[in-house]
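The block underneath contains the structure these notes are about, expressed in structure tokens.
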């Protein structure tokens with residue numbers, strides 16, 4: 219008779235992290251799609267409501283990424299699985315990228331709320347078009363971070379599915 223291989227049970231801390239990782243994956247897909255749809259309309263029509271909406275969507279993403287990084291490290295602490303550290307490091311990097319992009323979304327929100335003077339103070343002496351042209355690197359980093367979050371979400375799905383008891 220062959221040996222039976224026992225499947226390792228998923229701890230509650232890991233399960234919570236993985237479920238939130240899937241939710242964040244779905245939210246990231248949604249915000250990426252919303253950005254692709256909203257930004258062209260917003261810039262073409264100078265729609266202030268869309269500017270505020272896009273800013274709020276980003277702020278939620280920002281907080282979610284930071285929370286998910288903490289959850290990854292808590293999952294590691296509870297289970298001593300290296301995946302928690304790896305995910306935590308990636309999500310910390312995503313949070314740092316989000317901090318770099320925070321200024322743009324604050325400017326966008328202030329413009330959307332009609333607080334152009336506050337937005338101008340954040341931009342400084344550069345014109346709005348120069349400011350936006352200088353953001354290409356941070357936008358690229360934001361997209362790479364979103365792709366990383368999506369990959370982590372896929373890994374969360376795989377781990378949850380593989381850890382489920384099959385009866």
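Residue numbers (my numbering): 219 to 385.
Note that the Cβ used here is the ideal one computed from N, Cα and C, for glycine as well.
Its chain contains 328 as the residues whose beta carbon lies nearer than 8 Å to that of residue 336, once the 5 sequence neighbours on both sides are disregarded; these appear in chain order.
In this structure residue 332 is exposed. Its beta-carbon is surrounded by fewer than 16 other beta-carbon atoms within 10 angstroms.
Just so you know, the alpha carbons of residue 377 and residue 338 end up roughly 47 Å apart. Shown here, residue 265 sits in coil according to DSSP, grouped into three states, outside any helix or strand. By the criterion of at least three beta-carbon pairs nearer than 8 Å, the region 303-310 is not in contact with the region 339-357.
By the criterion of a C-beta distance shorter than 7 Å, residue 275 is surrounded in its chain by 249, 252, once the five residues flanking it on both sides are discounted.
Here DSSP, grouped into helix, strand and coil, assigns residue 298 to coil.
In the DSSP assignment, residue 341 falls within the unbroken alpha helix (DSSP H) covering 334-341. In this structure, the CA atom of residue 295 is about 14 Å from the CA atom of residue 286.
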